[in-house]
Amino acid sequence: MEYPIIGRVWKFGDDIDTDVIIPGKHLRTKDMQVFAAHAMEGIDPEFAKKVKPGDIIVAGTNFGCGSSREQAPLALKYAGVACVVAKSFARIFFRNAINVGLPLMESDVECQEGDEVEVDLLKGEVRVSGKGTFRGNKLPDFLLEMLTDGGLVAHRKKIQSEQKK
Numbered sequence: 001m002e003y004p005i006i007g008r009v010w011k012f013g014d015d016i017d018t019d020v021i022i023p024g025k026h027l028r029t030k031d032m033q034v035f036a037a038h039a040m041e042g043i044d045p046e047f048a049k050k051v052k053p054g055d056i057i058v059a060g061t062n063f064g065c066g067s068s069r070e071q072a073p074l075a076l077k078y079a080g081v082a083c084v085v086a087k088s089f090a091r092i093f094f095r096n097a098i099n100v101g102l103p104l105m106e107s108d109v110e111c112q113e114g115d116e117v118e119v120d121l122l123k124g125e126v127r128v129s130g131k132g133t134f135r136g137n138k139l140p141d142f143l144l145e146m147l148t149d150g151g152l153v154a155h156r157k158k159i160q161s162e163q164k165k
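For the record, in the sequence shown the residue sitting at position 60 is 60 according to full-length UniProt numbering, with numbers rising by one throughout.
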């Protein structure tokens, strides 16, 4: 994973729950492309058609609230979302995102949909073209390492491989 993560903003408000991130009717599969095709469908039915790889979601408070479904961060990741920045995250969504390798940062960012932003997870900063730099919560090194490795499973495989040497 390269830092900073640079992408175009998709703006959402507060209390974006897992039911709008990936509606329950699409959970009867393990096909990541199905999840991707229906990402954010509950709030923007056209999102999956419009989002481009590398785009970044910027949201308000309590992003990912609701159920503990791991499919919510998977839907965003496989739709091409490179990072989610929000004022705050539901704790289970936060951990699920890290586990599946979806970068995120807690930060109160002032921007508009379509702005280009740079998210620097190493520094805990978000830079918005023409609007400045916003401080965020820097992730602990062990979580950054897990994200860099591609998520929890990939990280554990890497550790096991290193231990066998």
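By construction, the Cβ of each residue, glycine as well, lies at the ideal position given by its N, Cα and C atoms.
Distance cutoff 7 Å, beta carbons only. Does Pro103 sit that close to anything in chain B?
Given the protein chain composition of this structure (a single chain), no chain B is represented.
For Asp14, verify whether its CB is less than 6 Å away from any heavy atom of the ligand GDP.
By its list of ligands, the structure shown contains no ligand whatsoever, and the ligand GDP lies outside what it can speak to.
Have a look at Val100, Met32, Arg135 and Lys49 and flag the residue whose alpha-carbon is nearest the alpha-carbon of Tyr78.
Comparing Cα-Cα distances from Tyr78 to each of Val100, Met32, Arg135 and Lys49, the minimum goes to Met32.
Label Gly130 either buried or exposed according to how many other C-beta atoms from any shown protein chain fall within 10 Å of its C-beta, with 16 as the threshold for buried.
exposed
For Val119, count the other beta carbons within 10 Å of its own beta carbon; 16 or more makes it buried, fewer makes it exposed. Which is it?
buried
If you compare alpha carbons, which of Glu113, Ile159, Leu122 and Glu70 is closest to Ile98?
Comparing Cα positions, the closest option is Glu70.
What first and last residue would you give for the alpha helix (DSSP H) that runs through Glu162?
Leu152 to Lys164
Any contact of the region 110 to 127 with the region 51 to 68, i.e. 3+ C-beta pairs under 8 Å?
Taking one beta carbon from each stretch, the region 110 to 127 and the region 51 to 68 have 3 or more pairs nearer than 8 Å; the two touch.
Can at least three beta-carbon pairs, one atom from the region 10 to 21 and one from the region 38 to 45, be found at a separation below 8 Å?
yes
Excluding the 5 residues preceding and the 5 following Gly13 in the sequence, name in chain order all residues of the same chain whose CB lies nearer than 6 Å to its CB.
Within the same chain, Gly13 has close Cβ partners Gly60.
Can you have a look at Pro103 and say buried or exposed, based on whether 16 or more other CB atoms are within 10 angstroms of its CB?
buried
In angstroms, rounded to a whole number, what distance separates the CA positions of Trp10 and Val85?
When rounded, the distance between both Cα atoms is 10 Å.
Can you tell me whether Ile16 is buried or exposed, with buried defined as 16 or more other CB within 10 angstroms of its CB?
buried
Tell me the rounded alpha-carbon separation between Gly80 and His155.
21 Å
Assuming Ala90 and His38 are in contact, meaning their beta carbons sit under 8 Å apart, how far apart are those beta carbons, in whole angstroms?
Contact flag wrong, Cβ pair sits at about 20 Å.
Do Cys65 and Ile5 have their C-beta atoms within less than 7 Å of each other?
no
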